[in-house]
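Each remark here refers to the structure printed beneath this line.
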Amino acid sequence: ADSSVNFVVRPWVNTPDYWPTYWAITEQVKLRFDEEGISIPYPQMDVHLKRELG
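Numbering of the sequence shown is given in our numbering, commencing with residue 313 and proceeding in unit increments.
Structure, rendered in structure tokens:
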């Protein structure tokens, strides 16, 4: 998407550990990005509405 950076991370874990590992990695990446001052800007669009008088 326009406002995302997509990484593919595929650790090998046991099936019961999949979701806890998924969320732990996601959280650690976000926290590290915050520590390093890395942010992902969102696209901006200015919309001007023109109203005709008369």
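Cβ atoms here follow ideal geometry from the backbone N, Cα and C, with glycine treated the same way.
Being a predicted model, the structure only gives us computed values, none of them experimental.
Inset, instruction - Give me the Cα-Cα distance between Tyr330 and Val321, rounded to the nearest whole angstrom. - result: One C-alpha to the other measures close to 12 Å.
Inset, instruction - Determine the direct distance from the alpha carbon of Tyr334 to that of Ser351, and round the result to whole angstroms. - result: One alpha carbon belongs to Ser351, the other to Tyr334, and they sit about 21 Å apart.
Inset, instruction - State the DSSP-derived secondary structure class of Phe345, mapped to helix, strand or coil. - result: In the structure shown, Phe345 falls within a helical segment according to DSSP collapsed to helix, strand and coil.
Inset, instruction - Let me know the secondary structure DSSP gives Ile337 once reduced to three states. - result: Helix, per DSSP.
Legend entry - Coil, strand or helix - Pro328 by DSSP: In the structure shown, Pro328 sits in a helix (DSSP, three-state: H, G or I).
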